[in-house]
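Student: Below is the structure I would like to discuss, written out as structure tokens.
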Amino acid sequence: MKTILAPIDFSPASNAVVAQATALAKTIQARLVLLSVVQPPIISSDYGPLVENIAEIIAAAERSAAERLEKIRTQVAGDVLAIETELAGGPPVQAIVDAAARFSADFIVMGSHGHNALYDLVIGSTTHGVLKRAKCPVLIIPAI
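Residue numbers for the sequence shown, in the working numbering: 5 to 148.
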């Protein structure tokens with residue numbers, strides 16, 4: 005059975021990613037894997053006192069992501085042959101590429117937020133990073 009990996013971040017673009025990934029999975033009778041990556045917060049010296057609460061912050065983010073993934077899984081479960089959810093932590097590009105390998109993904113369907121070139125240069129683009137490192141085709145759903 006083919007597998008489609010759909011990394012989502014619960015932004016407005018995620019709705020289009022889920023819709024397109026679901027449609028593709030239905031068309032080719034593939035398993036759909038919804039992935040959410042929880043990144044640890046970036047702590048600067050100005051926020052040093054928050055370091056003690058970082059485990060709580062990450063745990064809360066993971067619980068929220070798991071609940072949201074389950075809600076989406078329930079909504080689209082009847083439209084696809086098989087669906088799974090996966091929660092990962094760490095840098096998004098690495099987590100997505102690792103999940104694609106672990107699930108033997110045939111396709112990655114992901115969104116593009118449409119940031120400008122300066123943002124991509126300074127912050128980086130998850131989509132661009134996945135495109136450069138993925139071993140399977142990547143379908144990019146543009147920002148609306």
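By construction, the Cβ of each residue, glycine as well, lies at the ideal position given by its N, Cα and C atoms. For clarity, every value in this text was computed on a predicted model and none was experimentally measured.
Using only the alpha-carbon positions, how far apart do SER40 and PRO95 sit?
Tutor: As a position in the sequence shown, residue 40 is number 36, starting the count at 1. As a position in the sequence shown, residue 95 is number 91, starting the count at 1. If you take the alpha carbons of SER40 and PRO95, they lie about 11 Å apart.
Student: Roughly how many angstroms lie between the CA atoms of ILE61 and VAL142, to the nearest whole one?
Tutor: By 1-based counting over the sequence shown, the position of residue 61 is 57. By 1-based counting over the sequence shown, the position of residue 142 is 138. Rounded to the nearest angstrom, the two C-alpha atoms are 31 Å apart.
Student: Please check the pair THR26 and ASP83, which I expect to be a contact at CB under 8 Å, by giving their CB distance rounded to whole angstroms.
Tutor: Along the sequence shown, read from residue 1 onward, the residue named residue 26 stands at position 22. Along the sequence shown, read from residue 1 onward, the residue named residue 83 stands at position 79. Right, the Cβ-Cβ distance comes to about 5 Å (below 8 Å), so this counts as a contact.
Student: Would DSSP call GLY93 helix, strand or coil?
Tutor: The residue labelled residue 93 in the question sits at position 89 within the sequence shown. Residue state, collapsed to three classes: strand.
Student: Tell me which residue opens and which closes the alpha helix (DSSP H) that ALA109 is part of.
Tutor: Counting from 1 along the sequence shown, the entry for residue 109 is found at position 105. Note, ALA109: premise wrong, no alpha helix (DSSP H); not H, not E.
Student: Assuming the contact rule is C-beta atoms closer than 8 Å, ALA138 and ALA103 should be a hit. Round their C-beta distance to whole Å, please.
Tutor: Your numbering for residue 138 matches position 134 in the sequence shown. Your numbering for residue 103 matches position 99 in the sequence shown. Going by Cβ atoms, the distance from ALA138 to ALA103 rounds to 11 Å, so no, they are not a contact pair.
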